[in-house]
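Chains as they are written, first to last, in my numbering: chain A, 327 to 972; chain B, 30 to 421. Even glycine gets a Cβ: it sits at the ideal position worked out from N, Cα and C.
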Ligand code: HEM
C-alpha cells in the first residue's frame, strides 16, 4: 500500500491529472453568476456542472482530493527515500575492489614508479583538491581510496519534494476550503442580497479574528469602512475588521494619451487611538498588523450630477440632479421612461484626428453614460458630453445613442451657440413646435417666397402658410425621408422631382424664417445674419432631421457635477504565505542543486607492483554519464601525467 | 558547471583541474574593468533614477553578465558588440526621437524597428544555411549559419535596448523596459532561444541541429512580422499600472529562458523523430547526431528550462502577492504556468524513474511545446483574466 502510494507512477499520474483538471478551470470561466451558466449550458448541463463543482473547480472536493493525494504521495516518497539518501551520503563505498571498478563504464589503469603508500596519499590529496571528500581503506595488499562530491545534489531531492509539501499545506491554510466546509456544515451561509452590513445576519459574518481571508471592499472618497466582503459561491460573507479604513482621496493619473498611469488611494487607518496615514498604489500595498491592503480597482463612489432635460417636443426644460447608479422615472405624454445613470467620466482623451488642431491627444471633457428604459424593459444607451467639441471648426454637443452593447454609438451633433450651450438650437426647436407663432411668421414672410417661387399660380397665402407648417411637422416627425414618402408614387419621375425640390424649398424657407425669428427673440440684429449663422442653421437642420431616431424625448444637458470616486481595496490575511515562501526558497534551491550540482564519486584501487604501484581509477556521476566520461578522461589523463611512470 | 570550463581548455596539470574555476587572462580583467566601469558610470549619473530593488537587480545582472562573459567568450563578444551598437544609437538619436527618420544609420540599421527587421531577416537566413549544411554536409554553410545566428541575436538584442531608449525619448514617464507586451517578448524569445542554442551548439558540437532549432525561431519571426504589419504592434505603448514593478524586469526574462529551453527541447524532439533510428537514418538527415546524444541534450534543455521556469513562476507569484493581493489566484495565466510546470515535472520523472528515452519522450517534448505555446499565447488570445495586457 505504502509502496503504491509512494510510487513514481502514481506521482506522475497525479501531476498529469492535476494539470488536466486545471485546464478545465481555465476554459470554463470560474465563479460567474449562476444565471450566466444557465444561459450558456441550459438547465440540464448546468445542474451536472454545478454538482461536479466545475464553477469553482479549485476548491471543489475532487480537486482538493487530487492535491491531497499529491501531498500524500510526495510525503510518503520523502519518508521512504530520505533515510536511504542520507545514509548513502555517508557511504563512500570504500570496499570497492579492482574488479568492481573495471566493470564500471568509466575507468582507467595506470602504472607508476611511486611506491604504494605515497601513491595512496597523493591520490587522496588530488581527489580532495578536486573538491571531493575521501575515505581510504586498506584491504591487505591493496588500498581503496573512495571519494564523493556534490552531496547538495541529494539534498536537492529533499528540498524540492519537501517544498511541494510545504507549499501545498501553506496554500491550503490560505484557501477558502475551510469556509466551504463550514458552509456545508451549515454554520455559515453566504449572503446573496444586496443589503447594508448592519442588516446582514450573523450567520453570514466571519469572526473579527479570522486569521486567513481575502476580502474586498469599495470605499467612496471621504468615507470609511470597518468591514470587507469575501466572495463565496454565488454570494458573499462579511469580514469585520478590527480597525477602520478611511479613504481620504483617490487619484488616477494619466499618460498624455489618456491611458491610466497610476491609481492611488490616500488611506487613513484608525485603530483605537492609533492613526496611520499612507498612500497605496498598484504594486505598493500597505501592511498593518498582518493585514495587507491592496489597491485593486476603482469606480464611481456616487458622483452627484446636475443636468437639464430639454423636452424635444415642447419648450419645457426640467432641472434634475442624480447620483451615479441612481435612477429617475419621467413621464412624457403618458409614456414612462426610466433614466438610469450609469457612469460619469471626468476625462475623455482620444487620439486627435482633426488636422486643424496641433495636438496628439485631445480631451473631450466630462461625459455621462445613461440608459433610458421603457416599460417593456427595452433600453437605449446614451453617452452625452458636457462641453462642445470642435469638429471642422464648428462646435457641437455630442450625444451618442445605441440600442445594444454590440453596436457603436451613433452621434447626434447639436450645434452649440457662442456660449457653447445648446440654447440657440433649442429656441429654434421650441419655435418650430409653436404652431400659432409659426403661422404669424409665415404670414409676414410670404411675400419673400411667392414671386417666382410659386408651385401653382392659384395658390393662396393661407395655403402657403399651411403647407409650410405641414412640411415642418413632417420633417420633425421623420426627417427628410418622411418628406420623400409624401410624394405620390403614381407621379412620373420629372413631376416627382419638381414637387420634391419645391417642398424642399418651402421647408428651407419655413426653417429659415423660424430661425431668423428665434435669433430676433434672442436679441440679435436679424439684418446682419452672418455666414456662421447660416452654417449654424445648416447644421441644425441635419440634427433636426435625425431627431426622430433619438428614442428619448429629452436631451440631457450635463450642467454640473461633484465627482466622487471610490477605491476598490483588497484586504488579505495570509498566514500560510510564510510557509509558501519558505517552500519557494527550498524549491529554487533544490531544483538548482538537482540539476547543477552533480553528485559524483571517484575510486582508486592502488596495489604494489614491483617498486612502484598500479592504480585503477573509476568514477560515476548520477544521471549525467555522457558529460562525466569526458571529465573522467581528463582526470585520468592528468593523473597519468602527474605520476612519474616507471 | 565546472566541467564546462574544463572541457574547453584542457588543463596542463592537476592544479588546472582543481585550482580556481577560471584562470583569468588579461582580457578577462579588461572585461570586468569595462563592466564595472559601466556600472560605476550608471551609478554616478543615474543614482537617483533607480530604487533599491532596481539596484539589486542591476547589480546582480551585472555580475551574472560578467560571469557568463568570462566563461563564454563568444557571448562576451556579443555583449560588447551590442553595447557598442546601442551606445552608437544613443549618440545618433541625440535625445530626439525624430532622428529615427532623419539619420541614415538609424533609419536603416539601428532604430529599434530596423534592428528587429534585420534580426528577422538574419534568423531566417540562418535557418536556411543550417538546413543547407545539414543536407549537403557543407561545413562552410554550417559556420555561416552560426555566424548569422550570432548576428541575428546581436541585432535583436540591440533592437530591444534601442527600443528601451526610444520609450524614454517619447516621454520620460512612458519609458520602460521592453518586456511588457507580446511584441516585445517575441523579440526577447527569439534572442534568448538563439543564445541558449548557441551555447549548446558550442558545448556539444551540434551544428547539424541548428536548422531545427532555428525553425522555431523563424516561426516566431513570422508571427512577429504579421503582428507588426497587420496589427501595428510595434508602437510603443505606455505601461499599465499593474506592470510598473521591478518584478517585471526579472519575471519576464526568467520566463523566456524557460520558454526558450522548452522550445529548443521540442525542436530536438522533432529532430529525434525525423532522423529515424541510428541504424538506418533518413538519408537527408543522416548528419544529425545519434539519437542518444539528441536525447541527452533534450533532457538538459528541459532541465535548464524547468529550473528557470520554476524561478519565473515563483517570481510571478511573489509579484501577484504584491500587485493583486494574493500569491495565487488561479488566474488563467497563472494556472497555465502551473500546467506547463506540472507537465515538465512529469516528463522529468518519467525520464529518471523509468529512464524513459526514445520516441515517446521526444513526442512528449513536442507536445510540451504546444502546452507552453498555449500558456504563452493562447491564454492571451482565448482566455480573459487579470493578465489582460498583451492581447492580440
Ligand atoms: C509537484 C510535485 C513534484 C515536483 C515538482 C517534482 C520535481 C522533481 C524534480 C525536478 C526532480 C529532478 C529530476 C531530474 O533530476 O531530472 C525530481 C526527482 C525525483 N522525484 Fe519528484 N517532484 C514532484 C513530486 C514527486 C513525487 C510525488 C514523488 C514520489 C514518488 C517524486 C519522486 C521523485 C524521485 C524519486 C526523484 C529522483 C531523485 C533522485 O534520485 O535524484 N517526486 N522531482
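| Item | Value |
| --- | --- |
| Cross-chain neighbours of residue 339/B in chain A, by beta carbon under 7 angstroms | 913, 914 and 917 |
| Close-in-space but distant-in-sequence residues of the same chain around residue 396/A (CB under 6 angstroms, 5 per side omitted) | 340 |
| beta-carbon residue 490/A near the ligand HEM non-hydrogen atom, thresh 6 angstroms | yes |
| First and last residue of the uninterrupted alpha helix (DSSP H) at residue 334/A | 334 to 353 |
| Range of the contiguous beta strand (DSSP E) that encloses residue 492/A | Unbroken run through residue 492/A is the alpha helix (DSSP H), 477 to 500; no beta strand (DSSP E). |
| Residue 328/B - containing alpha helix (DSSP H), residue span | 320 to 352 |
| Beta carbon proximity, residue 371/B to chain A, threshold 7 angstroms | yes |
| Span of the alpha helix (DSSP H) around residue 373/B | 361 to 382 |
| Rounded separation between residue 660/A and residue 894/A - CA only | 41 angstroms |
| Sub-7 angstroms separation of residue 420/A and residue 468/A beta-carbons | no |
| Continuous alpha helix (DSSP H) stretch holding residue 834/A: start and end | 819 to 847 |
| Three CB pairs or more closer than 8 angstroms across the stretch 384 to 396 of chain A and the stretch 472 to 482 of chain A | no |
| Beta-carbon neighbours of residue 351/A, restricted to chain B and to distances below 9 angstroms | 359, 361 and 364 |
| Sequence-distant residues of the same chain with beta carbon closer than 8 angstroms to residue 206/B, five excluded per side | 193, 277 and 278 |
| Contact test: residue 374/B Cβ vs the ligand HEM heavy atom, cutoff 6 angstroms | yes |
| Euclidean distance between Cα positions of residue 777/A and residue 820/A | Because residue 777/A sits at a pLDDT of 47, beneath the cut-off of 50, its placement in the model cannot be relied upon, and the following sentence gives the value as read from the coordinates. Going by the C-alpha atoms only, they are around 23 angstroms apart. |
| Exposed unless 16 or more other CB atoms sit within 10 angstroms - verdict on residue 422/A | buried |
| Proximity of residue 61/B and residue 105/B at Cβ, strictly below 7 angstroms | no |
| At least 3 beta-carbon pairs within less than 8 angstroms: the stretch 149 to 161 of chain B vs the stretch 103 to 117 of chain B | no |
| Length of the line joining the Cα atoms of residue 503/A and residue 385/A | 6 angstroms |
| Option in 826/A, 708/A, 870/A and 863/A with minimal Cα separation from residue 759/A | 870/A |
| Chain-ordered chain B contacts of residue 583/A [CB-CB under 9 angstroms] | 203, 266 and 267 |
| Members of the stretch 472 to 486 of chain A that neighbour chain B once the beta carbon cut-off is set at 8 angstroms | none |
| Contact check, residue 450/A vs residue 462/A, beta carbons under 7 angstroms | yes |
| Integer Cβ distance of residue 289/B from residue 221/B, believed to fall under 8 angstroms | 4 angstroms |
| Extent of the continuous alpha helix (DSSP H) run through residue 508/A | 503 to 511 |
| Cβ of residue 213/B within 7 angstroms of any chain A Cβ | no |
| Runs of alpha helix (DSSP H) lying entirely within the stretch 851 to 902 of chain A, each at least 4 residues, in chain order | 857 to 872 |
| Stretch pair the stretch 386 to 394 of chain B + the stretch 293 to 305 of chain B: three plus CB contacts closer than 8 angstroms | yes |
| Cross-chain neighbours of residue 274/B in chain A, by beta carbon under 7 angstroms | 609 |
| Residues that DSSP places opposite residue 542/A in a beta bridge | 555/A and 896/A |
| CA-to-CA distance, residue 587/A to residue 636/A, given in whole angstroms | 37 angstroms |
| Residues of the stretch 488 to 501 of chain A whose Cβ lies closer than 7 angstroms to any Cβ of chain B, in chain order | 497 |
| Limits of the unbroken alpha helix (DSSP H) element including residue 525/A | From DSSP, residue 525/A is part of no alpha helix (DSSP H); its letter is neither H nor E. |
| Collapsed DSSP secondary structure at residue 948/A in the structure displayed | coil |
| Backbone CA spacing between residue 263/B and residue 217/B [nearest angstrom] | 14 angstroms |
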